[in-house]
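Chains as they are written, first to last, in the numbering used here: chain A, 21 to 507; chain B, 21 to 507.
Virtual Cβ for every residue (Gly too), placed ideally from N, Cα, C.
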């Protein structure tokens, strides 16, 4: 079908960009970055041209007119291609160019403002980005409020109101769990025996574990970057990255378990449909559910370490002094941090609730950009019981806003919630649960393949969760999980 | 100027292909290669479309018409762009597609035929490639004979007759030098102390040396591949690769010196003209002159090792048992090998004379494809005094013919000849020569930058050599060099 050919061609273009982007983070020598930007911008222009072309539209319309409804996958593919096309063509070229230029300036201003811990230097660059986000929302359209349209970029078929209801509902429990977990940890502090934990040994252990839980190294690899990520360079080519801390081997290991979760999802998508919605991941909230499931529900579980701790002790002889019970306490330690990316499972979502509330209020116009530091600090204090020392460790810590990424943060907590619901549902199966007790996860992976990965982007995220678990998305399993583990 | 913009855009497309090609050789997981081919073929199609488009032609014609001849660089750029356009557009799409498909089949057939050492299994695939090469020659046009047009793909403004005259002229000397060098070596055999020479230590020494002779690691890097190469990914991004043999550290080191020579040329081209002829290398024979100069004239010289052998001895303690004199004898050892890529400086060109003669005879129709093994063995025996054991170590050893690369081999010997003429000319300068005696090559590099690199592709190769050395290209310096070193 011509429209599918075009969609596949677009995925070739986009995946070439992914190769260049991956290479930029892993190996590119510093002087090469200027020309790399030229290469990426040429590719982005070709992709945009194709995906918004008259020919694309004509092929899509022909396919829609020819669709007799007998093939639900085909119908769903056309529905999603239509949604993407409408969203892409609703934004005038002038606006896209203005956003590109504004984010490019804002990223530099943000880095500088963060260095000087001065939000007021970033505010004049955030203002136009907020304005552009509002313009985009109006052009895209929404049912409830403008922020709905921004969320849609990352999590389709959800609403601000629904998300706010979930987040408001769990807020008291999350705050309570966090406080108790932090108290428990500080009453019984545990630390790892001193390093060094050599990088080569970490790499070898990480690769063993990633392979054991199912990552296919003939169709993927692990490299080193400043910030860990997972990227897909082709239907059979998935790249994970992590960074190494020689004083704490669990930092790279949990980074790899997290990215392996993303990678298993990518490797489990229907390769033959690469480039079509049916071969693509459905949303960030579902993607993050996969990474969190392997990182937290598998990787921080006791059965996992009953098998792997002896291997870790062989790899790092200094662990001989640390009993498994203490190591588990180390993995389940909790502490309040002003910094999101340094926070633990027990406190993480408080950071998201904070950001979601501020973003929504900004887009609604309930608060102004200049109000952000005050609102941040006040809300932070309400959630954590203290105030960040300065803007750098407060409202300036994340790059997301400087990239125009309003609407993104919520998907982290959606991922946590989904991960718990999926894991609990899988564990209803006695075979999967029994194997997991022995750190054998092949049946769990099969379950995820069948219930999540193979569906690509055919179902909406909430439909996918309901079909997989027998109930609509709910944070109950997540709260139960946190309470069981942390209080 | 619009035509220059288009030429730069083409270089963006081609450099993206180079990134993907580099990544394919260095890091691509095996299952990713199928889709990588799709990505490369999409890019190749975009590049071909652009470089043969009506718009390209119109812009080129406008620029030619507007050229008042006052800027020789501009005029030369247009002349070269015209030459490239004419050559690209003279080949019908049907022929290009037929060649792509024929080489793809031939490469597999060649690998299989070489495994079984059976030229007759490769012959039916070589036949059509020879036919296509002849068709291309006719379409491109030539003055003397069809092989001229094939040479032109790699070495512009040269002729088969001129090359044959050079090669015929040096043949007796080369044969004599090789025979004497082999005899001398076998009378006084030297070998390296046993390994292992650890890979990490080799990498560190190689990088030190590459940096010391001028390779800019902020605009380049070294990775590991099965076959060493140098590739340019952008105006400030040059990649070298090598492979490691833990029983002989000189294998990777001379690989790196060779590729560093290519890399220094690439890093010395005018970066602001990247994508234009004035910012591009002029020919393979000049490119190879740069790699051979650093590999053989610098890297196999005694002054170089008077400085670097102590460093090597620190890096590899087992070298303490081997005096520098013996190490130099090891580097200057000569032996007849049936295999080109395993042969040494003293015997290498005999392999090229053999291939050049056969290619020329094939294209003229003086011999048939089926005659190749017999002609190969007979000529080989005449040059080396023995006959290869079988086709695998004879006429099937190289992949070039299976890739349709008729005309390529000659540039290896042209590179050797050019390297000696350039090195001898540079050493006429007392400062450069005095510094070289102390293994300080910054003035030599400056000389090459000024006389070769900065000229890009403005002058023809022979003009470039004459301007740099004060005389037309001649093999005399090369013969002198070989005689001095080897007999």
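Nonlocal neighbours in the same chain, by C-beta distance under 7 Å from residue i, ignoring five residues either side
i	result
residue 134 (chain A)	412 and 416
residue 283 (chain B)	235, 240, 250, 258 and 260
residue 453 (chain A)	447
residue 408 (chain B)	358, 397, 400 and 414
residue 190 (chain B)	495 and 499
residue 26 (chain A)	70, 76 and 79
residue 404 (chain B)	356 and 370
residue 173 (chain A)	427
Interface flag, residue i vs chain A, CB-CB below 8 Å
i	result
residue 350 (chain B)	no
residue 51 (chain B)	yes
residue 237 (chain B)	yes
residue 43 (chain B)	yes
residue 89 (chain B)	no
residue 254 (chain B)	yes
residue 58 (chain B)	yes
residue 47 (chain B)	yes
Distance CB(residue i)-CB(residue j) smaller than 8 Å
i	j	result
residue 426 (chain A)	residue 399 (chain A)	no
residue 354 (chain A)	residue 506 (chain A)	yes
residue 289 (chain B)	residue 299 (chain B)	yes
residue 127 (chain A)	residue 419 (chain A)	yes
residue 277 (chain B)	residue 366 (chain B)	no
residue 328 (chain B)	residue 229 (chain B)	yes
residue 484 (chain B)	residue 475 (chain B)	yes
residue 324 (chain A)	residue 141 (chain A)	no
residue 211 (chain B)	residue 347 (chain B)	no
residue 63 (chain A)	residue 36 (chain A)	yes
residue 153 (chain B)	residue 160 (chain B)	no
residue 202 (chain A)	residue 356 (chain A)	yes
residue 275 (chain B)	residue 313 (chain B)	no
residue 111 (chain B)	residue 67 (chain B)	no
residue 297 (chain A)	residue 179 (chain A)	no
residue 98 (chain B)	residue 108 (chain B)	no
residue 528 (chain B)	residue 183 (chain B)	Residue 528 (chain B) lies beyond the stretch modelled for chain B, which goes from 21 to 507, so this question has no answer here.
residue 248 (chain B)	residue 338 (chain B)	no
residue 463 (chain B)	residue 480 (chain B)	no
residue 185 (chain B)	residue 164 (chain B)	no
residue 177 (chain A)	residue 166 (chain A)	no
Interface flag, residue i vs chain B, CB-CB below 8 Å
i	result
residue 39 (chain A)	yes
residue 36 (chain A)	yes
residue 76 (chain A)	no
residue 241 (chain A)	yes
residue 25 (chain A)	no
residue 403 (chain A)	no
residue 116 (chain A)	no
residue 331 (chain A)	no
residue 55 (chain A)	yes
residue 233 (chain A)	no
residue 62 (chain A)	yes
residue 257 (chain A)	yes
residue 32 (chain A)	yes
7 Å Cβ cut-off: residues of chain C touching residue i
i	result
residue 293 (chain B)	The question asks about chain C, but that chain is absent: this structure's protein chains are A and B.
Close Cβ partners of residue i (< 6 Å) along its chain, the five nearest in sequence each way excluded
i	result
residue 5 (chain A)	Because chain A in this structure spans residues 21 to 507, residue 5 (chain A) falls outside the shown range and cannot be described.
residue 123 (chain B)	423 and 424
residue 22 (chain B)	79
residue 435 (chain A)	305, 308, 309 and 312
residue 193 (chain B)	499
Sequence-distant residues of its chain with Cβ nearer than 8 Å to residue i (five each side left out)
i	result
residue 39 (chain B)	253
### Query
In chain order, which alpha helix (DSSP H) runs of at least 4 residues are fully inside the segment 157-219 of chain B?
With a minimum length of 4 residues, the continuous alpha helix (DSSP H) runs that stay inside the segment 157-219 of chain B are 166-171 and 180-207.
### Query
Are the segment 191-210 of chain A and the segment 358-372 of chain A touching, with three or more C-beta to C-beta distances below 8 Å?
yes
### Message
In chain order, what are the residue ranges of uninterrupted alpha helix (DSSP H) at least 4 long that sit wholly in the segment 320-366 of chain A?
### Response
Runs found: 322-335 and 344-351.
#### Entry: contact_flag[the segment 49-65 of chain B, the segment 490-499 of chain A] where n(CB pairs < 8 Å) is 3 or more
no
### Query
Okay, do the segment 144-162 of chain B and the segment 114-127 of chain B touch, 3+ Cβ pairs below 8 Å being the bar?
yes
### Task
Give, in chain order, every unbroken run of the alpha helix (DSSP H) that is at least 4 residues long and sits entirely within the segment 385-422 of chain B.
Listed in chain order, they are 392-404.
### Message
Give the list of continuous beta strand (DSSP E) stretches no shorter than 3 residues that lie fully inside the segment 229-296 of chain A.
### Response
Taking only runs of at least 3 residues, the beta strand (DSSP E) segments lying wholly in the segment 229-296 of chain A are 240-244, 250-254 and 257-262.
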